[in-house]
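One structure is given here, and the rest of the page talks about it.
See below:
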């Protein structure tokens, strides 16, 4: 029969057990973490993005010549010198559902890391029980003899991380949280670039609409002149039909451009977190926007350490590496320690006896012997997952380098095209003036004037389109270089 004890002597055993438990924890947690330690992939050993050197030619005229530099400017959109654009980007950053969602996912990932870290510590729970033991009798049992046992106290359990399973799991979750952080950064870079892109699209489309409207207005004026000449008998009916056909054809330029303008306005409205019925974007003017002159070209080794999508792929690779450690640790034994202290009271016929302090300390060892190949298959699966992530990381780097190469070539060709369009405007303007002078002097026909007028208006339309494309590709380069996200991410995630 268990003896009843109280006072100082009853506390000796629990304190002794606590001391032994502390000693075991120190000894057992001095183990190692199995599995590979993650090594950051080496940057590609290339100096440039293309085998052909990129040269940005001077487009001529009043258009500026851009140059390539090694640094990216913070809040690069400020280089466009547009208060309306600054306001639109600020609105988007403050109200974008995309950023709000990404921040919530990141917060969730951080809490998953905190939850995983809980395995580092002993788990303590409280317990309270009440029982009425059954009695086997042979004969009569006194009805008044009723015994009840009440017990309550803390219970402690702990699984020492001898082979690093918990550490590798926390490492995995931390890497996944870092991946979410870089995905948030990527969403920020994409959002700011998208707002600027839609603003430029609005400005470029408005310029093209103006040029197309000028073409239509010139066609209408030319048709009026041809009709007057036809009534005077100086031109044939076919000339009138030709002018009418020209007007009808040029009028088809406007509906697609107006639809393009509507789409860009609606897209910008959505980017700032509004519906098209709540907010109308300003009419950006292409000629009022400054063209960024200094364009950032970060070396490839710097791009892989600064572009959000590459960093997200790298941290996912890190998580896959840690998962190998988790699967490897499953192959090793695990030790479980438990301790409890309980205060027990016995009640017989309503009379309570003095409390008894009962304590226990136990240790268990579990080692995998036969699991049908499950644990080994899980480790092989983790190795295969790492190989897949490594290939995905390399593909992400290649796609990023390809995007940079594409946009650098596009900027070179934009400058060449803008120069050609500028020349077309100059020569067609000179040709129009000569045709007008010849017609006024009686040496030329009206159709020559009409053709020269049409070529000039078409050159203006092509110039507006080429100028807008140069702005768009400039924005794309800032995005391809990874944008500027570190300060903003640091301000929203601490």
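Numbering (this note's numbering), first residue to last: -16 to 477.
Just so it is clear, CB atoms sit at the ideal spot from N, CA and C, and this is done for glycine as well.
In this text, all values refer to a predicted model and were calculated from it rather than measured experimentally.
Hey, quick one: how far does the beta strand (DSSP E) through residue 279 stretch, first residue to last? 277 to 279
Mind the definition here: the segment 79 to 89 touches the segment 168 to 175 only if three or more C-beta pairs lie below 8 Å; say whether that holds. yes
Is it buried or exposed for residue 292, if we count other Cβ within 10 angstroms and need 16 for buried? buried
Given a cut-off of 7 Å, decide if residue 157 and residue 308 are closer than it, judged by their beta-carbon atoms. no
Buried or exposed: which applies to residue 497, given that a residue is buried once 16 or more other Cβ atoms fall within 10 Å of its Cβ? Because the chain in this structure spans residues -16 to 477, residue 497 falls outside the shown range and cannot be described.
Taking residue 472 as part of the alpha helix (DSSP H), name the residues at either end of that continuous run. Judged by DSSP secondary structure, residue 472 falls within the alpha helix (DSSP H) whose first and last residues are 469 to 475.
Straight-line CA distance for residue 26 to residue 55? Going by the C-alpha atoms only, they are around 20 Å apart.
Quick check: the Cα distance between residue 401 and residue 294, rounded to an integer number of angstroms? 36 Å
Which residue wins for smallest C-alpha separation from residue 460, given the options 303, 24, 53, 338? 53
Per DSSP, what kind of secondary structure is residue 105 in: helix, strand or coil? coil
Taking the alpha-carbon of residue 273 as reference, which of 451, 311, 51 has the nearest alpha-carbon? 451
Would you kindly work out how many angstroms separate the C-alpha atoms of residue 191 and residue 240, rounded to a whole number? C-alpha separation (whole angstroms): 7 Å.
Check the C-beta distance from residue 92 over to residue 155 and give it rounded, since I have them as a contact under 8 Å. That pair is no contact at about 11 Å.
Tell me the residue span of the alpha helix (DSSP H) that contains residue 221. 220 to 234
Quick one, are the C-beta atoms of residue 188 and residue 72 less than 7 Å apart? no
Nearest residue (CA-CA) to residue 341, options 406, 88, 329: 329
Is the beta carbon of residue 321 sitting closer than 7 Å to the one on residue 345? Yes, the pair counts as a contact, with Cβ atoms nearer than the cut-off.
Beta strand (DSSP E) segment containing residue 349, residue limits: 339 to 349
Looking only at its chain, what residues have a beta carbon closer than 7 Å to the beta carbon of residue 67, apart from the 5 residues adjacent to it on each side? 265, 267
Please report how far the alpha carbon of residue 465 lies from the alpha carbon of residue 22, in whole angstroms. Taking the straight line from one Cα to the other gives about 23 Å.
Contact check, residue 109 vs residue 326, beta carbons under 7 Å: no
Since residue 319 sits in a beta bridge, which residues does DSSP pair it with? Paired residues: 347.
Those residues which DSSP pairs with residue 248 across a bridge: The partner list for residue 248 (beta bridge, DSSP) is empty, contrary to what the question assumes.
Backbone CA spacing between residue 96 and residue 160 [nearest angstrom]: 8 Å
Going by Cα to Cα distance, which pick from 458, 437, 463, 231 is closest to residue 381? 463
How big is the Cα-Cα spacing for residue 399 and residue 31? 22 Å
Where do the ends of the beta strand (DSSP E) carrying residue 50 lie? 50 to 52
Identify every run of the alpha helix (DSSP H) within the segment 255 to 301, keeping only runs that are complete inside it and at least 4 residues long; order them along the chain. The qualifying runs are 283 to 286.
DSSP bridge partner residues for residue 177 (one or two, in chain order): Residue 177 is not bridged to any residue.
Have a look at the DSSP bridge pairing and note the partners of residue 327. 134, 339
Looking only at its chain, what residues have a beta carbon closer than 6 Å to the beta carbon of residue 469, apart from the 5 residues adjacent to it on each side? Result list for residue 469: empty, nothing under 6 Å.
In this structure, how does DSSP classify residue 314 when only helix, strand and coil are distinguished? coil
Is DSSP giving residue 139 helix, strand or coil here? strand
Terminal residues of the alpha helix (DSSP H) in which residue 419 lies: 357 to 423
Classification of residue 18 by the beta-carbon crowding that lies within 10 angstroms, buried from 16 upward: buried
Residue 303 classed as buried or exposed, judged by whether at least 16 other C-beta atoms fall within 10 angstroms: buried
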